[in-house]
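Read the structure below first, then the notes.
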Amino acid sequence: MTTDDGHVRALTAASYDIRGDAGALVEQARDGDQLAFGMLVESRTPRLLRLALSILGSEADARDVVQEAFLRAWRELPRLRDLDRFDAWLARIVVNGCRDRWRSHRRVALREIPAGELDPDREPTSAAPIGDRVASADMIQRAFARLDIDQRTILVLHHVEELPVADIAASLAIPVGTAKWRLHRARGALSRALELEGR
Amino acid sequence: MSDRMELPGADQIKAALLREPGPEMAGTIRLSVAEAIASTPQRRPAFGFLRLPAVNPSTAATARLIAATVALLLLLVTTLVFVAARLDRPESPFADGLVAVAGSQGGLELLDSTGAVVDRLDTQKVAGAAWSPDGRELAFWNGLGTSWTIDILDPRSGEIRTLTDGAGITAFAPAERHKIDPEALMHFQPALPVAWSPDGTQLLLNVVDGPVVVADVETGELRRLTEPGMLGGAAGWSPDGTRVAWYAAPSWAGEYQLSIRTLADDSTVTIDPELPESTGYWGTFAWSPDSRRLLIGAGGAGGSYLVDVDATNGATIAVHEAPDLERILGWSPTGERIAWSTFGSRSAGTLWSMRVDGSDARQHAEGVCWGGIGWSPSGRELLYTTDCQPRSEAMNVRAVSIEGDEQRILWTLETDGTADITGVAWQGLPR
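These protein sequence lines are chains A and B, in that order.
Converting from the first sequence to the numbering used here requires adding 457 to each position, the first position being numbered 1.
Converting from the second sequence to the numbering used here requires adding 8 to each position, the first position being numbered 1.
What follows is the structure, encoded as structure tokens:
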């Protein structure tokens, strides 16, 4: 990759302090450094893919959403004033992308079955007690599939990403109280969906 | 209410929901993005020169001169636009009423019916400003971080008196609550963090997961309504002033209950109406104008509903579908319609109303902010705000007619890009 002045820059830890100073990378990327942005993409992709995949359940959709999110982040990065909030901002772009994708597909909802689930030798899924009944992972997934996109998103941020409520609020651009309330509701909705699945 | 299943543990939920992408997916994305950004220019802010890289002193001086000149031009253009907007401003539906506007960076402005600023008060952050029923005083949370006071403003003199320093309220806070944060409830209108009793003698103070407290307006004496350890939610006076209803839960992840306290004898009943199948409380409600019924928000995986409930015994009278419902805004002043909205992510909300018999549900607006929504005194219009994103240069106060869905901009409020509006309180707005 070449820099603005036409020189090839060696991608080394000396060029970018990849050990801790993510802020410097963000700043360089904001100023148009494609190498720096590439390093941000590399380090953030696994987490964002996991986030999008857990929300949408479709590998194809998750890949498209994350790709588009990075492209949008690249375009809009110079307008981000508070660079410390880069990760929350990026997560928000992905979450919004998931929402758009889900809404555009809601009339033709397809559930991908990962290849591993079709394996006849696969171990049975773990089960968790629900009252006097038992909820399998499959049951939880089916219940999750009944929820709307906002409920799915906040549950993934809480249970999969294990973000504190304040970070969830930042990722969704909503007040902390709203995040807390929505999480409460989403957990309630999941509980009711499990109830339906358990019948 | 239907029995609720307990959720599996966090580990089980995580294991079920977690979907790990294959390693090839990440590689594909890295390549695609690298290719795409090579031909994609970044969008620079209009005033990008304000963030110039290190330059020599003479260049820096030139840049400063350019910046100052452009800033002056910008100020001039903004002023001209603002003046022009005022000259063309439509009539306010509030006659002589004042409007209190609170900004996120602190400060409280009072605007007259033309939108002109009549007073600008130096405050810290203001949350949940509410006019007294006679319109003579404005009560609000005033503070920062965890340090808040309940203040009351006399708009004629501009005097602000502190009713309580908030310490008493903190003392009532359940152990699970780590701080008092009235900002968190601002978007639960009309169950405001501050609500005047209909006779104007008491204030109902409630905060997310805090205690529900009544304060005497003259003495500041506090009385807690929620049981110790219970986390309060939205609360509201009955229109006849004899009762207060509130939501509370034993823990923030627990099931909320709706309680009604009769103030005359301090008796409390917990009502448990039959909600639609597989739904739970949405944590928002509104009293009917005759104080006999409650409209309760309920929802679940299948949708959201308004449940019409007898306030004396909790019996369900009717259930109406209510799309997008996240908070109930209240009955119209004429008692004919009920309005609701989503919280919205700052400005992504929708605004709805329908007849109280469940017919004629209509979506009136999109892009609605969470602050400053309510009925006009005539009940013919709904008032709301738009364009309140952080760093928005200006937000618009709009009205939409219920019958024709005709929308108009009442005022444009400048936010100068540094602050968003955290609340709008309409003087004389019926609750």
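C-beta: ideal position from N, C-alpha, C; glycine also.
On the three-pair Cβ rule with 8 Å, is the region 243 to 252 of chain B touching the region 295 to 304 of chain B? yes
Provide the residue span of the beta strand (DSSP E) that contains M403 (chain B), from first to last. Along the second sequence, one-based indexing puts residue 403 (chain B) at 395. Here the beta strand (DSSP E) through M403 (chain B) covers A402 to S409.
Beta-bridge pairing of G30 (chain B) - partner residues as DSSP gives them: For the purposes of this step, residue 30 (chain B) is identified with residue 22 of the second sequence, where counting begins at 1. Under DSSP, G30 (chain B) takes part in no beta bridge, so it has no partner.
Proximal chain A residues relative to W290 (chain B), where beta-carbon distance stays under 8 Å: Residue 290 (chain B) sits at position 282 when you count from the first residue of the second sequence. Those are R642, listed as they occur along chain A.
Quick check on A46 (chain B): buried or exposed, where buried means 16 or more other Cβ atoms within 10 Å of its Cβ? Sequence index remark: in the second sequence, residue 46 (chain B) carries index 38 (1-based). Exposed is the call here.
DSSP three-state label for Q485 (chain A), please. In the first sequence, residue 485 (chain A) corresponds to position 28, counting from 1. DSSP places Q485 (chain A) in helix when its eight states are reduced to three.
DSSP three-state call for E167 (chain B): helix, strand or coil? Residue numbering aside, residue 167 (chain B) sits at position 159 when the second sequence is read from its first letter. Strand, per DSSP.
Examine the Cβ distances between the region 603 to 612 of chain A and the region 524 to 532 of chain A and report whether three or more of them are shorter than 8 Å. no
Consider the Cβ of E263 (chain B): report whether some Cβ of chain A lies at a distance smaller than 9 Å. For the purposes of this step, residue 263 (chain B) is identified with residue 255 of the second sequence, where counting begins at 1. At least one chain A Cβ lies under 9 Å of E263 (chain B).
Own chain, CB closer than 6 Å to R609 (chain A), minus 5 neighbours either side, in chain order: If you number the first sequence from 1, residue 609 (chain A) lands on position 152. Excluding residues within five positions, the ones whose Cβ falls inside 6 Å are I512.
Could you please give me the residues that DSSP links to W383 (chain B) through a beta bridge? Within the second sequence, numbered from 1, the residue matching residue 383 (chain B) stands at position 375. B:L390, per the DSSP bridge assignment.
Any C-beta of chain B sitting closer than 9 Å to the C-beta of Q524 (chain A)? Here residue 524 (chain A) is taken as the residue at index 67 of the first sequence, counted from 1. Judged by the 9 Å Cβ criterion, Q524 (chain A) is in contact with chain B.
Whether or not the region 505 to 521 of chain A and the region 611 to 628 of chain A are in contact is what I'm after, with contact meaning three or more pairs of Cβ atoms, one per stretch, closer than 8 Å; do they touch? yes
So, at 7 Å on beta carbons, what are the nonlocal neighbours of H534 (chain A) in its own chain, with the 5 sequence-adjacent residues on each side left out? Working through the first sequence from its first residue, we reach residue 534 (chain A) at position 77. Looking at the sequence itself, residue 534 (chain A) is Leu, so the reference to His does not match. Taken in chain order, the residues that qualify are A486 and R487.
Chain-ordered neighbours of T287 (chain B) on chain A, where CB pairs are closer than 9 Å: Locating residue 287 (chain B) in the second sequence gives position 279, counting from the first residue. Per Cβ cutoff of 9 Å: G645, A646 and R649.
Looking only at its own chain, which residues have a Cβ that is under 6 Å from the Cβ of L333 (chain B), when we skip the five neighbours before and after it? Counting from 1 along the second sequence, the entry for residue 333 (chain B) is found at position 325. G305, S312 and W348.
Which chain B residues sit within Cβ distance under 7 Å of A545 (chain A)? Mapped onto the first sequence, residue 545 (chain A) falls at position 88. Contact annotation for A545 (chain A) against chain B: no contact, minimum CB-CB distance about 13 Å [criterion: below 7 Å].
Mapping DSSP to helix, strand and coil, what is N321 (chain B)? Counting from one through the second sequence, the residue named residue 321 (chain B) turns up at place 313. DSSP places N321 (chain B) in coil when its eight states are reduced to three.
Pick out whichever of B:G375, B:W383, B:A373 and B:A326 has its Cα sitting closest to the Cα of S367 (chain B). To locate residue 367 (chain B), count along the second sequence from 1; it is residue 359. The shortest Cα separation from S367 (chain B) among B:G375, B:W383, B:A373 and B:A326 belongs to B:A326.
Could you tell me if L39 (chain B) is buried or exposed, where buried requires 16 or more neighbouring beta carbons within 10 angstroms of its beta carbon? Here residue 39 (chain B) refers to the residue found at position 31 when the second sequence is read from its first residue. Flag for L39 (chain B) reads exposed.
Suppose you measure from the CA of A594 (chain A) to the CA of G308 (chain B); what does that come to, to the nearest Å? For the purposes of this step, residue 594 (chain A) is taken as the residue at position 137 of the first sequence. For the purposes of this step, residue 308 (chain B) is taken as the residue at position 300 of the second sequence. Roughly 21 Å between the two C-alpha positions.
Interface partners of R51 (chain B) on chain A, CB under 7 Å: As a position in the second sequence, residue 51 (chain B) is number 43, starting the count at 1. Against chain A, the beta carbon of R51 (chain B) has neighbours under 7 Å at R532, E533, P535 and R536, listed in chain order.
For T287 (chain B), name the three-state secondary structure that DSSP assigns. Here residue 287 (chain B) refers to the residue found at position 279 of the second sequence. Three-state DSSP puts T287 (chain B) in a strand.
Classify V125 (chain B): buried if its beta carbon has 16 or more other beta carbons within 10 angstroms, exposed otherwise. Indexing the second sequence from 1 puts residue 125 (chain B) at position 117. It is exposed - the Cβ of V125 (chain B) has fewer than 16 other Cβ atoms within 10 Å.
By Cβ distance, which residues of its chain are closer than 6 Å to R231 (chain B), with the 5 residues on each side in sequence left out? Looking up residue 231 (chain B) in the second sequence gives position 223. Setting aside the 5 residues that flank it on each side, R231 (chain B) is surrounded in the same chain by V222, each with a C-beta closer than 6 Å to its C-beta; the list follows chain order.
C-beta atoms of I336 (chain B) and R363 (chain B) nearer than 9 Å: Residue numbering aside, residue 336 (chain B) sits at position 328 when the second sequence is read from its first letter. Residue numbering aside, residue 363 (chain B) sits at position 355 when the second sequence is read from its first letter. Cβ atoms of I336 (chain B) and R363 (chain B): not closer than 9 Å.
If the cut-off is 8 Å on Cβ atoms, which residues from the region 499 to 523 of chain A count as contacting chain B, listed in chain order? E499, T502, P503, L506, R507, L510, S511, G514, E516, A519, R520 and V523
In the DSSP assignment, what are the bridge partners of F729 (chain A)? Residue 729 (chain A) lies beyond the residue range present for chain A, which begins at 458 and ends at 656; the question has no answer from this structure.
Along the region 15 to 35 of chain B, where does the CB come closer than 7 Å to a CB of chain A? Name the residues. Under the 7 Å Cβ criterion, the region 15 to 35 of chain B contributes L15, P16, G17, A18, Q20, I21, K22, A23, A24, L25, L26, R27, E28, P29, M33 and A34.
Candidates B:L283, B:G151, B:H372 and B:D120: closest to G114 (chain B) by CA position: Residue numbering aside, residue 114 (chain B) sits at position 106 when the second sequence is read from its first letter. Considering only alpha carbons, the answer is B:G151.
Provide the residue span of the alpha helix (DSSP H) that contains R609 (chain A), from first to last. Locating residue 609 (chain A) in the first sequence gives position 152, counting from the first residue. That run of the alpha helix (DSSP H) goes I606 to L612.
What are the start and end residues of the alpha helix (DSSP H) that includes R370 (chain B)? In the second sequence, residue 370 (chain B) corresponds to position 362, counting from 1. Note, R370 (chain B): premise wrong, no alpha helix (DSSP H); beta strand (DSSP E) at R370 to V376.
Proximity test, S628 (chain A) beta-carbon vs the ligand SAH heavy atom, cut-off 8 Å: Annotation note on the ligand SAH: not contained in the displayed structure, which lists no ligands.
For the alpha helix (DSSP H) containing A594 (chain A), list its first residue and its last residue. Counting from 1 along the first sequence, the entry for residue 594 (chain A) is found at position 137. Per DSSP, A594 (chain A) belongs to the alpha helix (DSSP H) from A594 to A602.
I304 (chain B) at chain A interface by Cβ criterion, 9 Å: Residue numbering aside, residue 304 (chain B) sits at position 296 when the second sequence is read from its first letter. No - not a single Cβ of chain A is within 9 Å of the one on I304 (chain B).
Output yes if chain B places a C-beta closer than 9 Å to the C-beta of G554 (chain A); else output no. For this step, residue 554 (chain A) is matched to residue 97 along the first sequence. Closer than 9 Å: no.
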